[in-house]
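So the protein sequences, as listed, match chains W and H. Residues in the first sequence are numbered consecutively from 96, following our numbering. Residues in the second sequence are numbered consecutively from 96, following our numbering. Every residue gets a Cβ at the ideal spot worked out from N, C-alpha and C, and that includes glycine. Working notes, structure below.
2 protein chains.
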Amino acid sequence: MITILSGGTGTPKLIQGIKEVYEPSKMNIIVNTVENDYFSGVYVAADIDTVLYTLADIINDETWYGIKDDTFFTNEFLKELNCPELLRIGDKDRSIKIQKTLLMEKHSLSEVVDIQRRRMNIESKVIPMSDEHSEINVYTDCGKLSFHDFLIKKQSKPEVLDIKYTKVNPSPEVIEIIEKSDMVIIGPSNPITSILPITSMNGVEKALKNSYCVAISPIIGGSAVSGPAGKFMKAFSHEVSSLSVASMYKGFLDKFIIDEMDENLKDKIEKLIKDVTITKTKMKNIHDKKMLAKIVLGEVI
Amino acid sequence: MITILSGGTGTPKLIQGIKEVYEPSKMNIIVNTVENDYFSGVYVAADIDTVLYTLADIINDETWYGIKDDTFFTNEFLKELNCPELLRIGDKDRSIKIQKTLLMEKHSLSEVVDIQRRRMNIESKVIPMSDEHSEINVYTDCGKLSFHDFLIKKQSKPEVLDIKYTKVNPSPEVIEIIEKSDMVIIGPSNPITSILPITSMNGVEKALKNSYCVAISPIIGGSAVSGPAGKFMKAFSHEVSSLSVASMYKGFLDKFIIDEMDENLKDKIEKLIKDVTITKTKMKNIHDKKMLAKIVLGEVI
């Protein structure tokens, strides 16, 4: 059994590879929830939905947001009504969000996600990191912004000075699942806004220390493969490099996988993490994803 | 200036005729709200939306519910997710309901509807009868049912023993608009669940007495033209006939328009309402609608 810690883009790409070479029913994915919030009247758990859609093979893997070949009739008509949506929600995608919103009147987020993944015939467990609501704000040279305002309205352009999110407790299964796993995989997601929110929750770092934990660096040659990870790392006075990521994960990491482009950092990283593997980490197609998945899983397949 | 009291099917048909022969900017429509409620997480004001869509020429006038040529992607996917909607909400139609729900966080229902009708370039004023929430229940031989459960889940089949709705107060403009109008038209809507909820609010009957008030009977030859009006009238120990409708409206009505098929009731009705006009009231096409509109408006065009 393995557990994957995931954000919304890099890790789902890797999951596409892993599910080709590993038994889906033995996979657990713990997903970041700090960016969850209500938009257009529905509860949006963007990273969770991306993971669900990835596992159900319906992800729009051009944008890594929403469902492949979705339509946007509601979204477009809201625009005509002078009520534009901050998030561009597709018509099918909206169903998932409506169901989540309705189910959350009577269930915790982890129960809701479990109902949905079963309904979508997903064999892997998808576990929200927390059932509690976090507020995440980005402090920029344009002032304090909500995470989605920064990401969408401001297109990640302002200089980031700080990021703060409410501290939350892990959802019921998180600790146990990590401890029971033969391997915990920290996917190539944004360390600041996707991974550290998970690992910094009460008890998680301790559980990771007791597990065999492998991470894939989301940084290749000084810049993030996707999204504003670089900007966020700088705000925390981190150099944007795999070495910085290693320093963030060193307390609980057994093995770190970095890109060929970062071979020059190997010696320095090995002072923090004993086992460093160099490979091609950029995933352009399913072949790349499967190759990387095999290297990551190594011992367990 | 004229004011029309409306429910969701018969009166909108007549409105289609009236707006062809009368200046839309001089029309006010006061719409029933007792059936409004939350469905699928959005606020549904079915009769109001039907009136808005009718005025904007986008009504689905086969079902008299929702927007013409709408798609149902969200609704269909909700079904696949085992989360079927009680109301079949179309994708564009859902936009109107989402906007209403969001605007209602900061505005009264009448303000919300006014924002929406302006946005849809509707010149006529559309006024919800009340800004307060009513609960409407149908007491049947199968027990107490919510209005929509009776109408949709039970397809109006159970025997109706009683109908009860919360008493609410008129929204700010209702009384003034009625008093200022040259003519108030009570459309051929369900008297029990569409018209009486409006006329029984505090101050409305008095305002109607001070106005010139014309009604079109929703009953032709012993049965309702559409919907469960007949069933509801029986529950109130009313015979299903234009005579019964006349007896309900007699306190404030100046003129009553009945169908040719009910000519035999003319003498009896004239004992309740002085001015009775006999004409063809069934509206099968736009020609019928315009003809009836001209007869109704008579004095004001």
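Within its chain, find whatever has a CB closer than 8 Å to the CB of residue i; leave out the 5 residues flanking it on each side and keep chain order.
i	result
H/Ser336	Ile314, Gly317, Asp357 and Leu360
W/Val395	Ile97, Tyr117, Asp277 and Met278
W/Asp236	Pro253, Glu254 and Leu256
H/Asp370	Asp349, Lys350 and Phe351
H/Leu173	Ser135, Pro179 and Glu180
W/Glu274	Ala302, Asn305 and Ser306
H/Glu206	Leu198
H/His243	Glu130, Asp132, Phe134, Leu181 and Leu182
H/Ser312	Pro283, Ser337, Val340, Ala341, Phe351, Ile352, Ile353, Asp354, Asp357 and Thr376
H/Ser120	Glu218 and Ser219
H/Ile381	Gln111, Gly112 and Glu115
H/Glu365	Val371
Cα-Cα, which of the options is closest to residue i?
i	options	result
W/Met296	W/Glu157, W/Asn264 and W/Asn285	W/Asn264
W/Lys363	W/Ala341, W/Val208 and W/Phe347	W/Ala341
H/Ser135	H/Asn127, H/Asn170, H/Ile124 and H/Ile210	H/Asn170
W/Val233	W/Ser251, W/Ile99, W/Gln111 and W/Glu355	W/Ser251
W/Ile222	W/Thr372, W/Asp354, W/Lys379 and W/Gly102	W/Gly102
W/Glu268	W/Ser321, W/Asn123, W/Thr149 and W/Ser306	W/Asn123
H/Phe167	H/Asp142, H/Ser190 and H/Leu150	H/Ser190
W/Tyr260	W/Ile143, W/Leu291, W/Glu271 and W/Ile270	W/Leu291
W/Glu230	W/Met386, W/Leu392 and W/Val129	W/Val129
W/Val146	W/His202, W/Ile270 and W/Gln211	W/Gln211
W/Ile247	W/His333, W/Lys163 and W/Gly322	W/Gly322
H/Thr149	H/Ser120, H/Asn177, H/Tyr138 and H/Lys108	H/Lys108
H/Thr94	H/Glu218, H/Val309 and H/Thr104	Any property of residue 94 of chain H remains undetermined from this structure, which presents chain H solely from 96 to 396.
H/Ile353	H/Ile258, H/Ile217 and H/Val391	H/Val391
H/Gln194	W/Glu271, W/His228, W/Leu176 and W/His202	W/Leu176
W/Arg214	W/Lys163, W/Glu200 and W/Ala151	W/Ala151
W/Val208	W/Lys249, W/Thr374 and W/Ile143	W/Ile143
Is residue i close to chain W, meaning its C-beta is less than 8 Å from at least one C-beta of that chain?
i	result
H/Lys201	no
H/Asn177	yes
H/Ser190	yes
H/Gln194	yes
H/Leu197	yes
Would you say residue i reaches chain H, if we count a Cβ-Cβ gap shorter than 8 Å as a contact?
i	result
W/Asp186	yes
Leaving out five residues on either side along the sequence, give the residues of the same chain with a beta carbon under 7 Å from the beta carbon of residue i.
i	result
W/Leu367	Ala341, Ser342 and Lys345
W/Ile293	Leu100, Ile125, Asn127, Met224 and Val299
H/Thr106	Ile99, Gly282, Pro283 and Ser284
Quick one: residues in its chain with C-beta nearer than 6 Å to the C-beta of residue i, no 5 flanking neighbours on either side, listed in chain order?
i	result
W/Lys326	Val255
W/Gly161	Asn155, Gly185 and Asp188
H/Tyr307	Met278 and Asp349
W/Asn131	Ala140
H/Ile113	Ala388
H/Leu240	Val233
W/Pro286	Val340 and Met343
W/Phe347	Glu300, Leu303, Lys304 and Cys308
H/Asp164	none
H/Ser203	Asp226
Consider the Cβ of residue i: report whether some Cβ of chain B lies at a distance smaller than 8 Å.
i	result
W/Cys237	No chain B is part of this structure, whose protein chains are labelled W and H.
- Task: Compile a chain-ordered list of the residues in the segment 142–174 of chain W whose CB is closer than 7 Å to at least one CB of chain H.
- Result: Going along the segment 142–174 of chain W in chain order, one finds Thr166, Phe168, Thr169, Phe172 and Leu173 with a Cβ nearer than 7 Å to chain H.
- Message: Please give the ranges of any alpha helix (DSSP H) in the segment 305–340 of chain H, keeping only runs that are unbroken, at least 4 residues long and fully inside the region.
- Response: Whole alpha helix (DSSP H) segments, 4+ residues: 324–330.
- Positions along the segment 112–137 of chain W whose CB lies within less than 9 Å of some CB in chain H: Here the close residues are Ser135, Gly136 and Val137.
- Please list the residues of the segment 206–223 of chain H that have a C-beta atom closer than 9 Å to any C-beta atom in chain W, keeping them in chain order. Considering only beta carbons, the part of the segment 206–223 of chain H lying closer than 9 Å to chain W consists of Ile210, Gln211, Arg214 and Met215, in chain order.
- Message: Threshold first: 4 residues or longer. Then list the alpha helix (DSSP H) segments lying entirely within the segment 159–197 of chain W, N to C.
- Response: Runs of the alpha helix (DSSP H) inside the segment 159–197 of chain W: 168–175.
- Message: Threshold first: 3 residues or longer. Then list the beta strand (DSSP E) segments lying entirely within the segment 266–294 of chain H, N to C.
- Response: DSSP runs (the beta strand (DSSP E)) wholly in the segment 266–294 of chain H: 278–281.
- Item | Within the segment 191–253 of chain H, ranges of the alpha helix (DSSP H) (whole runs, at least 4 residues) | Fully enclosed alpha helix (DSSP H) runs of 4 or longer: 204–214.
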